[in-house]
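**Student:**
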Amino acid sequence: MQKQVTAAEAWTRKYPEQVVLAITKNEQDRINLMAIGWICTASDEPPMFIMGIDEHAYTLELLKKNQEFVIAYPSVNMAEETLYLGTTHGHAIDKGKECGLTFSAASKVNVPLLSDAVANFECRLVNIVRPGDCPLVIGEIVAAHVNTDKSLKRLYNLAQGYKLGGL
Ligand SMILES: Cc1cc2nc3c(=O)[nH]c(=O)nc-3n(C[C@H](O)[C@H](O)[C@H](O)COP(=O)(O)O)c2cc1C
Numbered sequence: 043m044q045k046q047v048t049a050a051e052a053w054t055r056k057y058p059e060q061v062v063l064a065i066t067k068n069e070q071d072r073i074n075l076m077a078i079g080w081i082c083t084a085s086d087e088p089p090m091f092i093m094g095i096d097e098h099a100y101t102l103e104l105l106k107k108n109q110e111f112v113i114a115y116p117s118v119n120m121a122e123e124t125l126y127l128g129t130t131h132g133h134a135i136d137k138g139k140e141c142g143l144t145f146s147a148a149s150k151v152n153v154p155l156l157s158d159a160v161a162n163f164e165c166r167l168v169n170i171v172r173p174g175d176c177p178l179v180i181g182e183i184v185a186a187h188v189n190t191d192k193s194l195k196r197l198y199n200l201a202q203g204y205k206l207g208g209l
């Protein structure tokens, strides 16, 4: 049997939800990372992502300026760091440094890969649309990388209130 509720109420049942990290950099080459749950594949050919980024996020400002970014799949070992990156704004804080994360060079974009991630996608900004209250960022994947350690598991958001863990 189904009971009619608000969308917000029904969305409490959506978990587990994937979580990714969007990596950007500012004009001083400082790397910034934010956690994103609202992301999905938007095209196979060319490969694209679409993601919802709040207008107050530093990441959105940096994406617009730099036009290039990296999407990384964090591993289960990065739960604590991902929670920090998803609950702190990077306008005045070097979040990457605070977390002690390690980066390596990308092949096509000017933003680095997250070395210990399960996978990294180098992206170029295609468009930003705003059909509702959240800016939707569309990026084309111009190069992709996977961790050679196949045993690494992806991190997920398991429940409301940011309960991060493995499946
Ligand atoms: C698991 C998780 C998922 C999140 N998903 C999103 C999302 O999809 N869109 C968004 O705008 N913020 C999301 N956030 C919140 C941002 O990561 C947070 O506002 C962050 O501090 C923005 O960082 P910035 O200002 O340095 O870009 C999420 C946070 C967590 C912990």
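Going by the numbering used here, the sequence shown wraps up at 209, each residue one higher than the last. Positions of the beta carbon are idealized from the N, C-alpha and C atoms, including for glycine.
In chain order, what residues of the same chain lie with their CB nearer than 7 Å to the CB of Gly181, ignoring the 5 residues before and after it?
**Tutor:** Your numbering for residue 181 matches position 139 in the sequence shown. So the list reads Met90, Phe91, Phe111, Cys165, Arg166, Leu167, Val168, once near-sequence residues are dropped.
**Student:** Would you report the Cα separation of Ser157 and Arg72, rounded to the nearest angstrom?
**Tutor:** Locating residue 157 in the sequence shown gives position 115, counting from the first residue. Locating residue 72 in the sequence shown gives position 30, counting from the first residue. Taking the straight line from one Cα to the other gives about 17 Å.
**Student:** Could you pull out every residue in the same chain whose Cβ sits closer than 7 Å to the Cβ of Ala49, ignoring the five residues on either side in sequence?
**Tutor:** Here residue 49 corresponds to residue number 7 of the sequence shown, with the count starting at 1. Correct list: empty, nothing qualifies.
**Student:** Between Leu125, Val118, Val61, Gly94, which has its C-alpha nearest Ala84's C-alpha?
**Tutor:** Locating residue 84 in the sequence shown gives position 42, counting from the first residue. Nearest option by C-alpha distance: Gly94.
**Student:** CA-CA distance, Met43 and Ala52?
**Tutor:** Counted from its first residue, the sequence shown places residue 43 at position 1. Counted from its first residue, the sequence shown places residue 52 at position 10. Between Met43 and Ala52, the C-alpha separation is close to 14 Å.
**Student:** So, for Val151: in the same chain, excluding its five sequence neighbours on each side, which residues have a beta-carbon less than 6 Å away from its beta-carbon?
**Tutor:** As a working mapping, residue 151 is identified with position 109 in the sequence shown. Within the same chain, Val151 has close Cβ partners Glu110, Glu164.
**Student:** If you measure between the beta carbons of Glu87 and Pro177, is that distance less than 8 Å?
**Tutor:** As a working note, residue 87 is residue 45 in the sequence shown. As a working note, residue 177 is residue 135 in the sequence shown. The answer is no: Cβ separation not under 8 Å.
**Student:** Please report how far the alpha carbon of Arg172 lies from the alpha carbon of Val179, in whole angstroms.
**Tutor:** As a first step, residue 172 must be located in the sequence shown, where it is residue number 130. As a first step, residue 179 must be located in the sequence shown, where it is residue number 137. Going from the Cα of Arg172 to the Cα of Val179 covers about 9 Å.
**Student:** If we count Cβ pairs, one from each stretch, closer than 8 Å, do we get three or more for the region 128-143 versus the region 112-119?
**Tutor:** Short answer: they don't touch.
**Student:** For Lys192, which of Met76, Lys107, Lys137, Ala159 has the nearest alpha-carbon?
**Tutor:** Residue numbering aside, residue 192 sits at position 150 when the sequence shown is read from its first letter. Of Met76, Lys107, Lys137, Ala159, the residue nearest in Cα terms is Ala159.
**Student:** For my contact list, Glu123 and Leu143 are in at a C-beta cut-off of 8 Å; report their separation, rounded to the angstrom.
**Tutor:** Residue 123 sits at position 81 when you count from the first residue of the sequence shown. Residue 143 sits at position 101 when you count from the first residue of the sequence shown. About 7 Å separates the two Cβ atoms, so the contact holds.
**Student:** Rounded C-beta distance between Asn108 and Thr54? I'm assuming under 8 Å.
**Tutor:** Position 66 of the sequence shown, counted from the first residue, corresponds to residue 108. Position 12 of the sequence shown, counted from the first residue, corresponds to residue 54. Going by Cβ atoms, the distance from Asn108 to Thr54 rounds to 35 Å, so no, they are not a contact pair.
**Student:** So does Val61 have its beta carbon nearer than 7 Å to some heavy atom of ligand 1?
**Tutor:** Translated into the one-based positions of the sequence shown, residue 61 becomes position 19. Checking the Cβ of Val61 against ligand 1 gives yes.
**Student:** Is Tyr57 near ligand 1, judged by its Cβ being under 7 Å from some heavy atom?
**Tutor:** As a first step, residue 57 must be located in the sequence shown, where it is residue number 15. Not under cutoff, so the answer is no.
**Student:** Since Tyr100 is in the alpha helix (DSSP H), which residue starts that stretch and which ends it?
**Tutor:** Here residue 100 is taken as the residue at index 58 of the sequence shown, counted from 1. Unbroken alpha helix (DSSP H) run through Tyr100: 100-108.
**Student:** Would you list the one or two residues that DSSP bridges to Gln60?
**Tutor:** What you label residue 60 is simply residue 18 of the sequence shown in a count that begins at 1. DSSP output for Gln60 lists Tyr198 as bridge partner(s).
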